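Visitor:
The following block contains the structure:
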């Protein structure tokens, strides 16, 4: 139980291996502590070797998973899927047209003197600011993400994000 609490599933397995190796009646900390002084050093070394092999196997599993994920990302970056290539520019273009259309409506209403429509737009200012704030925020994340993808495609490594750059700058100053 202590191994699981401190080291997760692998820690729990380590606790079980140690309990079996020292011949403890149960895998509780008290039982293991009581049996530990009488344990055979060769058996402890064998248990340590089994534990090290389990860690190696887990590390290899993680390495393969990360390599497969990176291979998938690289394949997507070099893919010719039109949706993947054009959805960010299409989003930016649509947002630009949307802003331009509202500006055109507003200018037309000023030109024609339609006070009722101008008042409706002024009353919707809070809604429009929140709506466009969100939309432009999403566009900013998209632009940043695409830049990181391009850098990653060229270098083969993930480009550092804004928070990572900030942390590095703060650490360098100390």
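In the numbering used here, the protein residues as written are 77 to 250.
From the three backbone atoms N, C-alpha and C, an ideal C-beta is built for every residue, glycine too.
These figures come from a predicted structure and were not determined experimentally.
#1: Measuring alpha carbon to alpha carbon, tell me which residue in 196, 168, 133 and 246 is nearest residue 217.
#2: So what's residue 156 in DSSP terms, helix, strand or just coil?
#3: Distance, Cα to Cα, residue 246 vs residue 122?
#4: The alpha helix (DSSP H) with residue 215 in it runs from where to where?
#5: Consult DSSP for residue 100 and reduce its assignment to one of helix, strand or coil.
#6: Which class does residue 189 belong to by DSSP, given the choice of helix, strand or coil?
#7: Restricting to Cα atoms, I'd like to know which of 171, 193 and 149 is closest to residue 227.
#8: Sort 146, 241 and 197 by Cα distance to residue 225 and report the nearest one.
Guide: Working from what's here:
#1: 168
#2: coil
#3: 45 Å
#4: 201–231
#5: coil
#6: coil
#7: 149
#8: 146
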